[in-house]
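Everything on this sheet refers to the single structure shown next.
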Amino acid sequence: MKPIGNLAQNLRWSWNRPTRDFFASLDPQVWEEVGHDPAAFLGSISVQKLDELSANPDIVNRAAELERDLSDYLEKPQWFQSEFNNADKPSAIGYFSAEFGVTAVLPQYSGGLGILAGDHLKSASDLGVPIIGVGLLYQAGYFRQSLTREGWQRESYPVIDPDNMPLTLLRENDGTPALVDVPLPDHRTLYAQVWVAKVGRIALLMMDSDVVKNDEAARLVTDRLYGGSKDHRMEQELLLGVGGVKALRTYTRLTGAPTPEVYHCNEGHAGFMAVERIRELMTGEEHLDFGTAIEAVRSGTLFTTHTPVPAGIDRFDRSLVQRYLAPIEIPGVTTDQLLALGAETYEGGDPNVFNMAVLGLRMARMANGVAQLHGKVSRSMFHQLWPGFDVSEVPITSITNGVHGPTWTDGRLAQLARKHQEPGEHVNTYRWARPPEEGGVSDEELWNLRRELREQLVLDARRRVRESWLERGASPAELDWTNRILDPDVLTIGFARRVPTYKRLTLMINNPERLASILTNKERPVQIIVAGKSHPDDEQGVSLIQRLVAFADQYDVRDRIAFLPNYDMDMAQTLMPGVDVWLNNPLRPLEASGTSGMKCAINGALNLSILDGWWDEMYDGRNGWAIPTADGVDDPERRDAIEAEGLYNLIENTVAPRFYDRDENGIPRNWMEMIRHTLATLGPRVQAQRMVSEYVENLYTPVAASSRVLNGTGHQAARDLAAYKARVRSGWNQVAVKHVDAKVGDVATVGDSASFFADVQLGHLHPEDVEVQLLLGRVTSNDDLSGFEVLAMQAEHAENGVVSYRLETRLNNAGPLGYQVRVVPTHPLMAGYTELGLVTNAERAADNPETHFYFGN
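Using the numbering used here, read the sequence shown as starting at 766 and increasing by one per residue.
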């Protein structure tokens, strides 16, 4: 049946419940056995069964109906085509990521980065945003996690068969597999074939090095995610970046899809895509020079950083990168010139290191973090790339992550909301705050559903714990207790994520006796369900899991706390809707964003979290609780103890009492009020559609506009910008602020006029090459400026190589104010005045007056 095959091949089924329900109805037993995988399902049912299905008119008609719905979804104009009317919007975006978490059926993710990338593609599909995803197809994905008898993590790597997955091999017009190639040291070549996954309207290109044309070592380049030696990681990242650009070119050539105007580098793993795009431009018809090629490439590149910790950045020995970049032949460009793009040539950097995040930032027109706090942390973290500027001016903005609602909202909750939805009301704006008398969902309905979701989680957890103990070597006869662990009527807290040390998996057992007393409280019991994988090479993370499991194994608490091995998307889709409270306790501010709590929120769970990542900006006092942080305490053990105590106090004295405070009908009204508030106000804010639309409006569109200009006919704009930058760099050492002065009243008040003057030596540069800026702001106790505004001064006249500047303004703020004069490069084609990282500040000298003045009293 062709319609059924079409439905199975498009991964939209992973977030389209009617399609999944249809497959489940065909043979529920087989559907469960294959892990809800339509492609595997069709490969597992017998020919006889297929013939029976094909002869059933109800099934045939339903399949045809669903196929029409899919076709309508793929073809009709969406938000990007019909509502977003900016003329500069991109024709296409290439989205490069080392991992993509679209569905558990396609295990190409390790954690939040991959899940975010998958949600990004799905939401782009829903909005009609023309993205093409680019990644790798790992033969064993990340790893399957189980436990030893003693509770240590054990890894295994089941090999996937792409021929039995919802993937299509990209082929040349003659039918042969399309291959991309990447040169390697020692005169070797790495080849990869390209698999295409259909994610709704989005094509996801996944490169696979397991091809006959490769030698044995090259065939293993895409063996597993984040595994192997530094050489292995380098080869993976070259394939992702260099090979990814070639895969894009091959795909657009064979399918007629538009060539991307924007190249989105999702974390530094794909940074080498800039090298390949430079090579293309320098060896193409126009034979651009190196500087011009860099400007053309930068103009269309967006870089997103996901890590707030230096240890999370890929850093390679310079000698290793030199070895791998040397075979990439670009006429007129030395390997040292390419190495300079990622070199840590700044104060505190290591000259022997090549930094992939630095490469990403240097080669990007725009850059962003993934939450407001993370943007602030990133500006501080990468401040040395822009020396001389204030941290607040570092050109890294932020767009807070979101989650794909249709994927992560339990179908029963969505169905309940739709039951009370007004005609035409958008699916993501359920009016949960509406009272029942006005057609809203009643407390009773919502509470009963939440209990049903909790019960489903408890049953799933019991099954997983039993299966885990069987793998740990227990006999079925001694596992009867696993049928009684947890309770569908007990307050349930969830904690699941990757297990690096900063996420503090074991903070909850900082005081084991205290936690045990909370779990076993007879009047207000609490239960915790925990899951998470640690990278096999992270010995500390692995030991944290063992400590947690050892605590959970204790007889007196094992019915109130469970560790579920092999955390993946499949588990998450039961875990997140089923918990009452989601716990997150990273070491602030080391959580970039964190989206697991968002998945819980859209299902009516409340967050109990450190004010970090997305929670820092979205916590409002009514949608959950903020765990107190011991900021400023340097001793990590003492800090953990203080914050654990705060966590225990919140659970014991606030969270549990509110959950168990029931009225005569058994409903916790205050708890329900928090759930309703969360669904109504937080639900829409954490949607990935909001996130993707912000990327389109604030990043993709301006990047596309600059790309269009600098990659125009003849690349003349890129040539002009490159020539300008070369001239400014060579002459900047001659720029100096010779004198500054100000005229303002002895006792200045708000609204008073003030005049500022500066004499600036420009050397061989011209006034139009620079902007002389006045920084006007508050004076801190350290005699620095804070919260300053930047005002452009105007050139008045030049004499003997010195240009005089003047600014008249009114004073808008009270308090101790100060000013500073500086010179920065300016050009209409630059993204901003910080782009070159050059600034000359006025020095306080004998001929410069004191640059502070004060208001009022």
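The beta carbon of each residue, even a glycine, is placed where N, CA and C say it ideally should be.
Keep in mind that this is a model prediction, so the values were computed, not measured.
Neighbourhood of residue i by C-beta distance below 7 Å, restricted to the same chain and skipping five residues each side
i	result
residue 1037	1002, 1003, 1006 and 1007
residue 1265	1303 and 1306
residue 1390	1373, 1415, 1419 and 1420
residue 1221	1339 and 1343
residue 975	904, 984 and 987
residue 1518	1573 and 1575
residue 1610	Because residue 1610 sits at a pLDDT of 44, beneath the cut-off of 50, its placement in the model cannot be relied upon, and the point is left open.
residue 1472	1026, 1027, 1064 and 1065
residue 1411	1392 and 1393
Local Cβ density within 10 Å of residue i, reported as buried at 16 or more and exposed below that
i	result
residue 1027	buried
residue 887	buried
residue 1300	buried
residue 830	exposed
residue 1356	buried
residue 784	buried
residue 1041	buried
residue 910	buried
residue 1564	exposed
residue 1228	exposed
residue 851	exposed
residue 1349	buried
residue 1169	buried
residue 1076	exposed
residue 793	exposed
residue 1171	buried
residue 1156	exposed
residue 1561	exposed
residue 1208	buried
residue 1624	Here the chain has residues from 766 to 1622 only, and residue 1624 is not among them.
residue 1447	buried
Anticipated Cβ contact below 8 Å, residue i with residue j, distance rounded
i	j	result
residue 1627	residue 1388	Because the chain spans 766 through 1622 in this model, residue 1627 falls outside it and cannot be assessed.
residue 1247	residue 1223	Going by Cβ atoms, the distance from residue 1247 to residue 1223 rounds to 12 Å, so no, they are not a contact pair.
residue 969	residue 962	4 Å
residue 1326	residue 1270	Going by Cβ atoms, the distance from residue 1326 to residue 1270 rounds to 12 Å, so no, they are not a contact pair.
residue 1126	residue 1150	6 Å
Residue i to residue j span [Cα, whole Å]
i	j	result
residue 839	residue 965	7 Å
residue 1621	residue 1539	Summary for residue 1621: the model assigns pLDDT 38, below 50, so the residue's position carries little reliability; its value from the coordinates is reported in the next sentence. Between residue 1621 and residue 1539, the C-alpha separation is close to 22 Å.
residue 1256	residue 1425	8 Å
residue 1395	residue 1140	22 Å
residue 876	residue 866	8 Å
residue 1433	residue 1378	29 Å
residue 788	residue 1174	20 Å
residue 1272	residue 1441	29 Å
residue 1335	residue 871	11 Å
residue 1603	residue 1536	12 Å
residue 1065	residue 1132	12 Å
residue 1352	residue 1498	43 Å
residue 1624	residue 1570	Beyond the ends of the chain as shown, which are 766 and 1622, falls residue 1624; an answer cannot be given.
residue 921	residue 873	15 Å
residue 1332	residue 944	34 Å
6 Å Cβ shell around residue i - same chain, five flanking residues per side excluded
i	result
residue 1322	1281 and 1284
residue 1381	1138
residue 809	795 and 799
residue 1198	1441 and 1445
residue 759	Only positions 766 to 1622 of the chain appear in the structure, and residue 759 is not among them; the question remains open.
residue 1098	1055
residue 708	The question about residue 708 has no answer here: the residues shown for the chain are numbered 766 through 1622.
residue 947	955, 1003, 1004, 1007 and 1008
CB contact below 8 Å: residue i versus chain D
i	result
residue 770	No chain D appears in this structure, which consists of one protein chain only.
Neighbourhood of residue i by C-beta, 8 Å cutoff - its chain only, sequence neighbours within 5 removed
i	result
residue 1046	1053, 1057, 1058, 1061, 1062 and 1480
residue 1113	1149
Residue ranges of each alpha helix (DSSP H) within the segment 1455 to 1525, 4 or longer: 1466 to 1475 and 1481 to 1496
**Request:** Only counting runs of 3 or more residues, tell me where the beta strand (DSSP E) segments fall wholly within the segment 1072 to 1158, in order along the chain.
**Result:** 1080 to 1082, 1118 to 1120 and 1131 to 1134
If we require 4 or more residues per run, which alpha helix (DSSP H) segments fall completely within the segment 1376 to 1461? 1378 to 1383, 1401 to 1415, 1421 to 1425, 1434 to 1442 and 1453 to 1459
**Report entry** Length at least 4, wholly inside the segment 1291 to 1336: the alpha helix (DSSP H) runs in chain order
**Finding:** 1304 to 1317
My parser needs the alpha helix (DSSP H) runs of 4 or more residues fully inside the segment 1252 to 1291; what are they? 1277 to 1284
Check: Mind pulling the beta strand (DSSP E) runs of 3 or more residues that sit fully within the segment 1559 to 1584?
Finding: 1559 to 1564 and 1567 to 1575
#### Entry: Ranges of the alpha helix (DSSP H) found wholly within the segment 797 to 843, counting only runs of at least 4
803 to 809, 812 to 819 and 822 to 840
Notebook entry, point to check: Fully enclosed by the segment 1207 to 1258, which alpha helix (DSSP H) runs are 4 residues long or longer?
Noted result: 1208 to 1236
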